[in-house]
RNA sequence: GCAGAGGAACAGGUGUUCGCUGGACGGUAACGUCUGGAGGAAAGUCCGGGCUCCACAGGACACGAUGGUGGGUAACACCCACCGUCCGCAAGGACCGGGAAAGUGCAACAGAAAGCAAACCGCCGAACGGUGGUCACGAACGGACUUGUCCGUGCAUGACCACGUCGUGGUAAGGGUGAAACGGUGCGGUAAGAGCGCACCAGCAGCCUGGGUGACCGGCUGGCUGGGUAAACCCCAUCGGGAGCAAGGCCAAGCAGAAGGAACGGCAACUUUGUUGCCUCGAACCGGUCCGGUUCGCUGACCUUCGGGUAGGCUGCCAGAGGUGCUGAGUAAUCAGCAUCCCAGAGAAAUGAACACCCUCGACAGAACCCGGCUUAUCGUUCCUCUGCCGAC
RNA sequence: GAGGUCGUGGUGUAACGGCAGCACAGCGAGCUUUUAACUCGCGCGGUGGGGGUUCGAAUCCCCCCGGCCUCA
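Residue numbers (my numbering): 5 to 127.
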């Protein structure tokens with residue numbers, strides 16, 4: 005059962021640019037020194053995420069490294085996150101962020117976002 | 001041993017756990033098992049090709065690229081070998097390395113002069129003048145007397161000498177300059193000089209039916225010749241049709257159309273009211289222009305503009321100018337034959353994370369249609385070949 | 001993927017292959033009770049980096065670096 009929960013399925017990722025645009029349009033954010041998170045409530049039983057890492061972070065190797073760390077942070081901490089959110093994760097421009105940094109920031113930001121969105125949700 | 005030159009390879013490793021992704025197999029399915037999963041530069045996009053579409057990919061001009069020769073290659077601006085010039089004691093290295101007697105242009109400042117060769121300053125008394133001097137001779141005048149001699153004066157002629165202060169002439173050796181000054185150095189020669197002569201060097205032309213496939217090299221002879229810049233325009237030779245995987249193909253789904261656009265005729269044949277061919281006109285295409293070509297032409301289509309719909313799936317999409325090994329050809333780049341292997345293929349986009357141990361403590365850096373190069377970035381480690389110097393035998 | 005354009009003092013911008021200017025800003029002096037304005041003077045020191053062609057390069061050629069823009 006524990007094994008099951010650490011899988012990272014394709015359904016947990018955002019795939020269309022339309023979804024990205026809608027989440028950006030909602031303009032609900034939270035973040036700290038390591039991470040910035042955009043969020044929107046979805047009508048699903050799962051929490052999904054997308055990544056956006058601009059070229060200002062560096063070359064392809066640097067950007068790949070950040071992307072993989074963020075994927076790992078989401079995968080390992082998925083069970084601790086609120087359910088039913090669409091997230092866009094944007095790392096800050098710094099070189100010293102570790103997996104622990106991203107994990108802590110992700111959990112903190114998501115709980116804050118969950119509280120922010122809750123009152124507007126009729127369900 | 002020290003210093004150096006050229007080249008090649010590698011790019012942390014191992015284990016456990018949790019994950020991602022292509023394929024195969026099993027399973028109705030969820031999923032499970034096995035197996036594959038970034039680089040030498042994957043990068044920059046600087047060249048060259050393949051592939052796909054534009055009907056074919058034609059000619060001329062324009063434009064662009066290349067630029068020693070020969071070879072390699074699918075092709076190249078790449079590679080190999082050689083030639084030439086320069087650098088290095090050498091191993092070796094560097095070179096956009098065609099043409100400047102086809103033409104046009106450019107060279108600030110300085111300098112006598114910057115491209116035609118002369119002018120200018122200088123140098124030259126050998127030549128013709130000129131000036132001056134000496135001597136000889138002639139005639140003239142004056143004087144003396146021994147009465148036909150001597151002395152003096154100036155004139156004419158001739159010879160010789162001097163003068164570059166003058167003219168004609170000779171000369172380009174020298175002239176502070178400059179990046180560059182009409183071959184260079186030396187000896188002879190001369191009035192002064194000069195390829196004027198000679199030796200060597202450099203360049204050019206001719207010859208040796210010299211050597212080499214060729215770039216080029218060698219020898220002999222001749223005369224002394226014509227600057228640099230073409231990464232200035234240009235000329236010559238060779239090459240180049242355009243666009244790019246968001247190319248392109250198939251399927252599914254879906255919507256709504258509107259406005260504008262040009263010119264049709266003639267002739268001939270026929271199986272006779274229509275087809276075909278030719279001419280002319282027009283449109284579109286062959287994405288620079290012209291020629292030339294292809295297709296179409298009175299109601300369907302085409303083109304332009306505006307508007308509307310879709311943003312899904314499959315394919316292209318990885319077996320290839322492929323890797324490895326051996327043999328053979330070739331100086332080599334490379335090619336041929338045989339054997340063997342299958343080695344990323346995504347689509348918001350896969351290689352990661354944690355822990356442990358070891359070592360030399362890990363650089364630059366991430367495939368997006370594919371391949372050959374070039375260029376740039378790069379912590380280091382190892383190996384091979386060669387050169388010079390020193391030492392020992 | 002295919003192209004274009006630019007890089008010059010702190011800032012903005014000029015410069016046929018031949019001395020790198022101009023304006024603003026800065027500093028100093030003058031004027032003024034002081035400031036601003038004005039006048040005079042001054043300097044900082046600069047062609048994105050490397051290499052080449054040329055006697056000589058901001059300019060021409062090649063390779064990099066960076067910025068901006070266009071098309072699909």
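Using N, Cα and C, we set each Cβ at its ideal position, and we do this for glycine too.
Taking a C-beta distance under 9 Å as the contact criterion, residue 110 and residue 89 do not qualify as a contact pair. Among the bridge pairs identified by DSSP, residue 41 is matched with 34 and 93. Check the Cα spacing between residue 37 and each of 96, 112 and 100: the tightest is with 96. A distance below 9 Å separates the beta carbons of residue 39 and residue 94. Taking a 10 Å sphere around the C-beta of residue 87, we find fewer than 16 other C-beta atoms and assign the residue as exposed. By the 16-neighbour rule on beta-carbons within 10 angstroms, residue 83 is exposed.
When the Cα atoms are used, residue 78 and residue 62 turn out to be separated by approximately 22 Å. Measuring C-alpha to C-alpha distances from residue 70 to each of 46, 112, 104 and 29 identifies 104 as the nearest.
Contact annotation: residue 32 and residue 24 have beta-carbon atoms that are not nearer than 9 Å.
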